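Take a look at the structure below.
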Amino acid sequence: MLRLLATLAIVFVAAAGFAWLADNPGDVTLVWQGREFRTTLMVAAVALAALFVALALLWALVSGIFRTPRLIGRFFSGRKRDRGYRALSRGMIAVGAGDTRLARRLSVEARRILGEEPLALLLAAQSAQLAGDTAGARAAFEAMRADPETRLLGLHGLFVEAQRRGEHEAARQFAEEAAALAPTLRWAGTALFDYRAAAGDWRGALLTLATNLNAKLIDRQRAHRYRAVLLTAQGLAAEQGGPSEAKALALDAVRLAPDLVPAATLAARILTRLGETRRAARILEAAWRRGPHPELADAYAELRPGDAARDRRKRMEKLAALVPGHVEGRLALARAALEERDFGEARRLATEVAREAPSERVFLLLADIEEEAGDLGRARELLGRAVRAPRDPAWIADGIAAARWAPISPVTGRLDAFEWKAPAALIGAPEPLDLATGAEPAALEAPAVAEPADTVARAAEPALPARPPSAPTQPAPRTAAALAAPQIAARPVQPDATAPVTPPIRPATRTAASAEAEPAAAPAVRPAASASLAAAADGGAAASTPIPAPAAKPAVAAVPASPATAPVVPRVEGAKPSAARRRKDEVMPPPPPDDPGPEGDLVEPRPGIDRLHLV
445 MLRLLATLAI VFVAAAGFAW LADNPGDVTL VWQGREFRTT LMVAAVALAA LFVALALLWA
505 LVSGIFRTPR LIGRFFSGRK RDRGYRALSR GMIAVGAGDT RLARRLSVEA RRILGEEPLA
565 LLLAAQSAQL AGDTAGARAA FEAMRADPET RLLGLHGLFV EAQRRGEHEA ARQFAEEAAA
625 LAPTLRWAGT ALFDYRAAAG DWRGALLTLA TNLNAKLIDR QRAHRYRAVL LTAQGLAAEQ
685 GGPSEAKALA LDAVRLAPDL VPAATLAARI LTRLGETRRA ARILEAAWRR GPHPELADAY
745 AELRPGDAAR DRRKRMEKLA ALVPGHVEGR LALARAALEE RDFGEARRLA TEVAREAPSE
805 RVFLLLADIE EEAGDLGRAR ELLGRAVRAP RDPAWIADGI AAARWAPISP VTGRLDAFEW
865 KAPAALIGAP EPLDLATGAE PAALEAPAVA EPADTVARAA EPALPARPPS APTQPAPRTA
925 AALAAPQIAA RPVQPDATAP VTPPIRPATR TAASAEAEPA AAPAVRPAAS ASLAAAADGG
985 AAASTPIPAP AAKPAVAAVP ASPATAPVVP RVEGAKPSAA RRRKDEVMPP PPPDDPGPEG
1045 DLVEPRPGID RLHLV
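The sequence shown runs 445 to 1059 under the numbering used here.
Here's what the structure looks like:
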């Protein structure tokens, strides 16, 4: 635009000059080597202007001839640079798309064309990272670190690579160097704060936190929370040393974060040691109003060491009244009642909590109550229920549950990582008890008067099934109970000279009258051992029923006895035994073997084996 205006101004001045010459004519005379040249002023002006134009053109031509090689070189170098930037652009796109091979090829091409161009170095580093070439990426970042223009970029890349390799000390040094060069650099300030906190350098972490807050790298609310955690960590470290220093640190932490439970309990302990009980109580009460916590209740109960159980119970009643109906308050009251040996009130409070929010510690408290009350059986039952109860809240950081709060995570070293919450349930674990819907309510009631043992045993004994009539010529089928019953070995009957001798019993066809006279066979599911034990317990009042020789192969081995010496058991004359007595007195034959052999009608009984005496 300026050039156009300058050109128009020159043309305007020339036109004005020529117009003035036309209005004021004159002559111009030139004498050169004795010769005289005369012309008008207008012609002389035009000739002079043409001369200047010709000289300018001549100068441009001559200078163009001399500048031609340089112009030609600049032309080709421009084309080469354009090709390099195109390769750089395509390489960045390949890195973003994850095409490792294309990114490496274009990175080599761009660096060959552009040399140590910062963007070419960045592409080389990113393509090396994408390909997993740690050494190549580190070399590219070191080259960028050497250039003041790209030093921060190189430090960031080296920091990331050190973190990937687990070289935390090197990463911390890179972060310190970057933070010194640019205090407003967010990644450097945050990383430096995290490393100092993870190393337990509470003082250095506080200084870095103040720098980050001034640089507006962190919001004020979070900065106050982090500062309270760091002050609490310092107070815990100084608690065993000077109580005055620990007191100042703990009070500052409570002022910055009144809901920080470890800070409140620390301040209460230190103030209690210094005799400032009322101030400690006010701090604990303020924290309790913000969120009831079992550690606050424990600290409140120990405000006056050596107090009687009644005094501690009154103090816990005052604390629980600040947040009426809360679970933690009722549990604290139940523990205080247990200490005072008021088992009824303690059981009532703990039972209410178990119905609303069952957990391990609630059932453990109930077990303690029953143990102190002397009911050890019920205490063991409650301990068993505690195993399947929902898990209690705990201090958890990065999946790790800790018995006590800590300022940093034991896994990652992150500050303020511990949270008070219930641990995650295990996959495949037994389903926890749900007593909130009324499941198993009898387990939480007061123990009832126990019934006599014999009554309970009789009530629990199953009723005997009805005896189905068995076939007269077929053995009872073997059931699972019969297979599981112990095998009873048969022993030969010793000869007795005074006993009458009977001939061997032959199998005969049963009639209807004989079937009615004989008692029905016992069910196959009743073990033979039970029948023999019942007969022995009866004292031998009833005679054993003779057992005919089975048609199948016997399951036990027996020694044959001589027909002349084999005794028989005489029948007892008298009234017919009852059905219950018959079930007790009947002796079941041993179960048939797996291979019963041929049919009973086809096998002749062996002489000398007419009955077995079961023991």
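Every residue, glycine too, gets a C-beta built ideally from N, C-alpha and C. Remember, predicted model here, so these are calculated numbers, not experimental data.
- Could you work out which residue in Gly686, Ala632, Gly735 is closest to leucine 715 when comparing CA atoms only? Looking at the Cα atoms, Gly686 is the closest of the given residues.
- Query: Whose C-alpha, out of Gly559, Pro627, Glu863, is nearest the C-alpha of lysine 524?
  - Reply: Gly559 is the residue among Gly559, Pro627, Glu863 whose C-alpha sits nearest the C-alpha of lysine 524.
- CA-CA distance, glutamate 586 and arginine 733? Computed Cα separation, rounded: 56 Å.
- Task: For threonine 655, I'd like the list of residues in its chain whose CB is within less than 7 Å of its CB, leaving aside the five on either flank, ordered along the chain.
- Result: Excluding residues within five positions, the ones whose Cβ falls inside 7 Å are Pro627, Gly633.
- Message: Which residues does DSSP list as the beta-bridge partners of valine 475?
- Response: Residue pairing by DSSP places valine 475 opposite Glu480 in a beta bridge.
- Query: Residue ranges of each alpha helix (DSSP H) run of no fewer than 4 residues wholly in the region 771-801, ordered along the chain?
  - Reply: Runs of the alpha helix (DSSP H) lying entirely within the region 771-801, each at least 4 residues long, are 771-783, 787-800 in chain order.
- Could you pull out every residue in the same chain whose Cβ sits closer than 6 Å to the Cβ of glutamate 960, ignoring the five residues on either side in sequence? For glutamate 960, the predicted model reports a pLDDT of 38, less than 50, meaning its position is unreliable; a value from the coordinates is still stated below. So no residue of the chain qualifies.
- Ordered list of alpha helix (DSSP H) runs contained in the region 630-692, each at least 4 residues: Qualifying alpha helix (DSSP H) stretches, in chain order: 630-642, 646-658, 664-682.
- Query: Can the beta-carbon of aspartate 596 be found less than 7 Å from the beta-carbon of alanine 622?
  - Reply: The question names aspartate, but residue 596 in the sequence shown is leucine. For leucine 596 and alanine 622, yes; Cβs fall inside 7 Å.
- Query: Does DSSP put alanine 494 in a helix, a strand or coil?
  - Reply: Correct three-state label for alanine 494: helix.
- What is the DSSP secondary structure of tryptophan 849, reduced to helix, strand or coil? Tryptophan 849 falls in the coil class under three-state DSSP.
- Look up leucine 704 in the DSSP assignment and say whether it is helix, strand or coil. Here leucine 704 sits in coil by DSSP.
- Message: Please tell me whether leucine 565 and alanine 584 are closer than 7 Å, where the distance is taken between their beta carbons.
- Response: Yes.
- Count the other C-beta atoms from every protein chain shown that fall within 10 angstroms of the C-beta of lysine 865, then say buried if there are 16 or more, exposed otherwise. Counting the other CB atoms within 10 Å of its CB gives lysine 865 a total below 16, which places it among the exposed residues.
- Message: Between which two residues does the alpha helix (DSSP H) holding glutamate 814 run?
- Response: Glutamate 814 -> alpha helix (DSSP H) spans 804-817.
- Message: I'd like to know whether the C-beta atoms of alanine 649 and alanine 659 end up nearer to each other than 7 Å.
- Response: Against a cut-off of 7 Å, the Cβ pair of alanine 659 and alanine 649 comes out as no contact.
- Query: How big is the Cα-Cα spacing for valine 831 and phenylalanine 862?
  - Reply: Their backbone Cα atoms lie some 25 Å apart in a straight line.
- Task: Give the straight-line distance between the Cα atoms of alanine 614 and alanine 811, rounded to the nearest whole angstrom.
- Result: Each residue's alpha carbon lies about 54 Å from the other.
- Label valine 797 either buried or exposed according to how many other C-beta atoms from any shown protein chain fall within 10 Å of its C-beta, with 16 as the threshold for buried. The residue in question, valine 797, is buried, as its Cβ has 16 or more Cβ neighbours within 10 Å.
- Message: Please list the terminal residues of the continuous beta strand (DSSP E) segment that includes glutamate 863.
- Response: 863-865 is the extent of the beta strand (DSSP E) around glutamate 863.
- Message: If I follow the unbroken alpha helix (DSSP H) through alanine 725, where does it start and stop?
- Response: 721-734 is the span of the alpha helix (DSSP H), which, as asked, contains alanine 725.
- Measure how close the beta-carbons of isoleucine 727 and alanine 712 come, nearest whole angstrom, since I'm counting them as under 8 Å. That belief holds up - the Cβ atoms of isoleucine 727 and alanine 712 are roughly 6 Å apart, short of 8 Å.
- Message: So the candidates are Leu809, Asp836, Ala841; which of them puts its Cα closest to the Cα of leucine 826?
- Response: That would be Leu809, whose Cα lies nearest to the Cα of leucine 826.
- Task: In the DSSP assignment, find the unbroken alpha helix (DSSP H) run with alanine 619 in it and report its ends.
- Result: First-last of the alpha helix (DSSP H) with alanine 619: 612-625.
- Determine the closest residue to valine 673 out of Glu593, Asp696, Glu689, with distance taken between C-alpha atoms. With distances taken between Cα atoms, valine 673 lies closest to Asp696.
- Item | Cβ pair count under 8 Å reaching 3, the region 663-680 against the region 831-851 | By the C-beta criterion, the region 663-680 is judged to be in contact with the region 831-851, since at least 3 inter-stretch pairs fall below 8 Å.
- CB-CB under 7 Å to phenylalanine 637, same chain, minus the five flanking residues each way: which ones, in chain order? Excluding residues within five positions, the ones whose Cβ falls inside 7 Å are Ala649, Thr652, Leu653, Asn656.
- Query: Can you tell me the Cα-Cα spacing of glutamine 665 and alanine 554, whole angstroms?
  - Reply: So the two alpha carbons sit approximately 47 Å from each other.
- Cβ of alanine 778 within 7 Å of Cβ of alanine 790? Here alanine 778 is near alanine 790, since their CB atoms are less than 7 Å apart.
- Cutoff 7 Å; reference leucine 1061; Cβ partners in own chain excluding five residues on either side: The question about residue 1061 has no answer, for the chain in this structure spans 445 to 1059.
- Item | alanine 752, DSSP secondary structure in three states | In the structure shown, alanine 752 sits in coil (DSSP, three-state: anything other than H, G, I, E or B).
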